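These notes are about the structure you will find just below.
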Amino acid sequence: MAPSVGTQERSHSKSATPPEVPHSSISGTRISSPQGQLGYRGRRIGLLILSTSLIFTLLTARLVDIQILNRNQYIDGINGHSVRSSISGSRGAILDRNLSVLAFSDTLPTIGAKPGFVIHPYATASQIASLIGGSQNTLIDRLTSDKAYVHLKRQVSPNIADQIRKLGLPGIEIRDEKARLYPNGDDFARNILGNVDVDQKPLNGLELQFASLLSGQAGSRTNFVSGTGSGSVRLPGDDIAFEPAQPGQSLVTTIHAPTQLLVESVLQEAVATSGANWGTAIVLDVATVEVLALVDIASSGTPGQARVTGSSGAYINSFEPGSATKPFTIAAALEQGRIAPDQIINVPASYKYSDKVYKQQGVNEDRQLSISQILAKSSNIGTIRIAEELGKDQLYSYLRKFGFGEFTSGQANTPAWPNETRGKLHHPAQWEGTRLANIAFGQGISVTGMQLAAAFNTIANDGEYIAPSLIRGIAGSDGVMRPISSGVQRQVVSATTAKTMRGMLAGVVTQGTGTRAQVGGYSVAGKTGTAQKPLTGRAGYSDAYTATFAGFVPAENPRFTIVVVLDEPDEYYAGRTAAPVFSKIATGALRAFGVPQTK
Numbered sequence: 026m027a028p029s030v031g032t033q034e035r036s037h038s039k040s041a042t043p044p045e046v047p048h049s050s051i052s053g054t055r056i057s058s059p060q061g062q063l064g065y066r067g068r069r070i071g072l073l074i075l076s077t078s079l080i081f082t083l084l085t086a087r088l089v090d091i092q093i094l095n096r097n098q099y100i101d102g103i104n105g106h107s108v109r110s111s112i113s114g115s116r117g118a119i120l121d122r123n124l125s126v127l128a129f130s131d132t133l134p135t136i137g138a139k140p141g142f143v144i145h146p147y148a149t150a151s152q153i154a155s156l157i158g159g160s161q162n163t164l165i166d167r168l169t170s171d172k173a174y175v176h177l178k179r180q181v182s183p184n185i186a187d188q189i190r191k192l193g194l195p196g197i198e199i200r201d202e203k204a205r206l207y208p209n210g211d212d213f214a215r216n217i218l219g220n221v222d223v224d225q226k227p228l229n230g231l232e233l234q235f236a237s238l239l240s241g242q243a244g245s246r247t248n249f250v251s252g253t254g255s256g257s258v259r260l261p262g263d264d265i266a267f268e269p270a271q272p273g274q275s276l277v278t279t280i281h282a283p284t285q286l287l288v289e290s291v292l293q294e295a296v297a298t299s300g301a302n303w304g305t306a307i308v309l310d311v312a313t314v315e316v317l318a319l320v321d322i323a324s325s326g327t328p329g330q331a332r333v334t335g336s337s338g339a340y341i342n343s344f345e346p347g348s349a350t351k352p353f354t355i356a357a358a359l360e361q362g363r364i365a366p367d368q369i370i371n372v373p374a375s376y377k378y379s380d381k382v383y384k385q386q387g388v389n390e391d392r393q394l395s396i397s398q399i400l401a402k403s404s405n406i407g408t409i410r411i412a413e414e415l416g417k418d419q420l421y422s423y424l425r426k427f428g429f430g431e432f433t434s435g436q437a438n439t440p441a442w443p444n445e446t447r448g449k450l451h452h453p454a455q456w457e458g459t460r461l462a463n464i465a466f467g468q469g470i471s472v473t474g475m476q477l478a479a480a481f482n483t484i485a486n487d488g489e490y491i492a493p494s495l496i497r498g499i500a501g502s503d504g505v506m507r508p509i510s511s512g513v514q515r516q517v518v519s520a521t522t523a524k525t526m527r528g529m530l531a532g533v534v535t536q537g538t539g540t541r542a543q544v545g546g547y548s549v550a551g552k553t554g555t556a557q558k559p560l561t562g563r564a565g566y567s568d569a570y571t572a573t574f575a576g577f578v579p580a581e582n583p584r585f586t587i588v589v590v591l592d593e594p595d596e597y598y599a600g601r602t603a604a605p606v607f608s609k610i611a612t613g614a615l616r617a618f619g620v621p622q623t624k
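This is the structure we're talking about:
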């Protein structure tokens with residue numbers, strides 16, 4: 026049998042005619058020629074190219090469909106099976122002037138439950154109620170809830186979490202969550218620092234005022250999930266998208282933590298024992314006008330008890346300062362040359378101004394008093410006579426320069442603190458009748474504790490007003506503090522006038538109404554203020570008083586300006602109530618900063 030058509034046996038002969046092949050050697054096997062084999066391979070390659078082209082065309086069409094024609098539909102589909110979660114940045118710390126931590130963020134255990142896995146809700150509630158507090162019935166309600174997860178107690182101490190963990194209760198979970206911690210206690214500097222809720226939302230104080238700076242920038246994470254809603258479960262694998270959170274910056278305050286603690290203790294005792302409604306105390310560094318301590322205390326309603334408040338009364342509570350205003354009336358008259366430091370003025374026992382007759386309590390005869398004696402003895406009539414020499418326009422102008430009737434920032438529309446009040450100082454166009462006389466000795470004008478501190482600090486600081494500051498700077502993740510620019514500065518009276526006033530105010534403490542403000546080893550300058558409180562909603566004054574002592578120490582070269590205000594103490598004379606508190610605070614501050622004795 027001859028070979029099949031189109032096939033030949035491979036030959037090594039150079040002859041053109043192939044030799045005869047015996048039938049038995051073929052055995053039914055088709056033997057291709059080289060030319061036939063090449064054609065077969067070509068058909069296979071062509072088929073492969075055609076298939077690849079077809080697949081590529083289909084993929085291209087699919088991509089066009091996904092990316093162009095039905096893009097939104099597919100995006101919705103992807104979003105329906107993925108979830109984007111927010112990542113909050115680590116909250117920055119709040120530090121004192123020496124970089125001691127006042128507030129920082131960490132994690133604390135939170136006790137929760139998956140009710141569906143709780144086997145014995147009543148027994149479980151009984152076991153943990155005493156550890157986390159709260160009503161056992163409330164716990165039972167939560168443990169039998171139809172929710173997938175419930176909180177039982179958020180942000181507990183690690184010790185409590187360990188005790189609950191050891192119980193091994195089915196369905197009870199312990200998770201760590203972010204918490205804001207205050208190393209000196211939750212009440213320390215509460216009126217300044219403020220606080221946050223359990224979800225880290227700032228509520229008040231610096232925590233709220235500088236929320237964006239402290240919070241940093243949130244990031245996000247996107248993952249595939251199975252299911253929808255609360256039943257969705259994150260699928261394993263890498264994030265679809267990830268944007269890292271940026272940590273918050275830290276806030277460096279001017280507060281000196283040891284002095285703040287001292288003032289809180291002293292003022293809390295003073296409010297509790299004096300029966301006052303509330304008290305405010307401020308300590309300023311004279312040269313920088315940085316707030317070293319700022320304390321607000323309120324009566325707890327129980328006799329003999331008082332508590333730290335979260336309200337910044339030093340900026341918000343306004344009151345009539347009484348005789349604490351007299352130094353500014355006298356300083357203005359000295360600066361304008363209306364009076365001389367050694368001038369003697371006739372001060373009658375009674376004096377008529379406009380339609381009112383003024384009388385000095387406990388004085389029944391005319392006196393010849395020097396300017397220093399008028400201040401030391403706190404003579405209302407003597408101060409009225411000085412104000413007459415000055416005139417209402419000049420008196421108003423100087424009181425404004427000393428910072429009364431304006432925000433302590435020194436800027437017309439920029440409060441130094443949220444809800445800060447300007448106090449009350451009417452324009453002289455409204456000063457009718459006895460207004461000039463009253464304002465001269467501190468009636469008809471209202472101030473805040475911080476305004477009074479800034480004004481007294483102006484005399485201590487050679488006549489230069491500098492806006493008080495609570496923030497020294499901002500520290501980033503690099504640990505470098507970037508200072509905050511200083512506030513408004515202006516020269517109110519000359520250094521000579523300021524020095525004269527310091528000498529006069531020292532006389533108030535050595536031989537006037539402020540003797541109980543004295544500090545052993547140091548000279549003190551200051552002024553008492555015992556002011557009747559005006560009636561609410563109508564003209565006139567009540568039988569209640571505000572007691573104030575404001576001053577600085579040491580008198581010759583002041584280091585600290587200190588103001589103490591007590592609202593409605595049982596013993597209302599400031600020399601007996603506020604002055605001793607000043608003395609205790611001054612003594613502690615001088616020791617804390619190692620100020621050398623002056624006498």
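Going by this note's numbering, the sequence shown opens with residue 26, and the numbers climb by one from there. Ideal Cβ placement from N, Cα and C applies to all residues, glycine included. Just so it is clear, the structure is predicted and the values come from calculations on it, not from any experiment.
Span of the alpha helix (DSSP H), counted from its first residue to its last, around residue i
i: residue 570; result: Here residue 570 belongs to no alpha helix (DSSP H); instead the beta strand (DSSP E) covers 566 to 578.
i: residue 147; result: 146 to 157
i: residue 338; result: 338 to 341
i: residue 514; result: Per DSSP, residue 514 belongs to no alpha helix (DSSP H); it is in the beta strand (DSSP E), 514 to 516.
i: residue 310; result: First-last for residue 310: 303 to 310, but that is the beta strand (DSSP E), not the alpha helix (DSSP H).
i: residue 324; result: Not the alpha helix (DSSP H): residue 324 falls in the beta strand (DSSP E), residues 316 to 324.
i: residue 625; result: The shown model of the chain, from 26 to 624, leaves out residue 625, and the question about it has no answer.
i: residue 530; result: 520 to 536
i: residue 605; result: 599 to 617
Span of the beta strand (DSSP E) around residue i
i: residue 554; result: 550 to 559
i: residue 354; result: Unbroken run through residue 354 is the alpha helix (DSSP H), 351 to 360; no beta strand (DSSP E).
i: residue 137; result: 126 to 138
i: residue 585; result: 585 to 592
i: residue 393; result: 392 to 395
DSSP state of residue i mapped onto helix, strand, coil
i: residue 283; result: helix
i: residue 429; result: coil
i: residue 55; result: In this prediction, residue 55 scores a pLDDT of 42, lower than 50, which makes its location untrustworthy; the coordinate-derived value is nonetheless stated afterwards. Coil, per DSSP.
i: residue 484; result: helix
i: residue 228; result: coil
i: residue 413; result: helix
i: residue 234; result: helix
i: residue 371; result: strand
i: residue 406; result: helix
i: residue 277; result: strand
i: residue 175; result: strand
i: residue 470; result: coil
i: residue 219; result: coil
i: residue 47; result: Caution is warranted here: a pLDDT of 40 is assigned to residue 47, below 50, making its placement in the model unreliable, and no coordinate value can be reported.
i: residue 623; result: coil
i: residue 109; result: strand
i: residue 348; result: helix
i: residue 256; result: Residue placement at residue 256 cannot be trusted, given a pLDDT of 49 that sits under 50; what the coordinates show is reported in the next sentence. Helix at residue 256.
Distance CB(residue i)-CB(residue j) smaller than 9 Å
i: residue 545; j: residue 586; result: no
i: residue 346; j: residue 556; result: yes
i: residue 116; j: residue 203; result: yes
i: residue 572; j: residue 312; result: no
i: residue 510; j: residue 442; result: no
i: residue 478; j: residue 615; result: no
i: residue 364; j: residue 355; result: yes
i: residue 199; j: residue 134; result: yes
i: residue 361; j: residue 419; result: yes
i: residue 130; j: residue 225; result: yes
i: residue 197; j: residue 149; result: yes
i: residue 519; j: residue 554; result: no
i: residue 177; j: residue 144; result: no
i: residue 244; j: residue 274; result: no
i: residue 444; j: residue 335; result: no
i: residue 406; j: residue 384; result: yes
i: residue 333; j: residue 606; result: no
i: residue 394; j: residue 402; result: yes
Heavy atom of the ligand MG within 8 Å of residue i beta-carbon
i: residue 212; result: Looking at this structure, you won't find the ligand MG or any other ligand, since it has none at all.
Assumed close pair residue i, residue j - CB separation to whole angstroms, cut-off 8 Å
i: residue 278; j: residue 122; result: 7 Å
i: residue 583; j: residue 485; result: 4 Å
i: residue 558; j: residue 533; result: Between residue 533 and residue 558 the Cβ distance is about 23 Å, and since that is not below 8 Å, they are no contact.
i: residue 473; j: residue 339; result: 6 Å
Cutoff 9 Å: residue i Cβ touching any chain D Cβ
i: residue 450; result: The displayed structure is made up of one protein chain only, and chain D is not part of it.
Q.
Ignoring anything shorter than 3 residues, give me the beta strand (DSSP E) runs that lie fully in the region 179 to 212, in order along the chain.
A. 197 to 206
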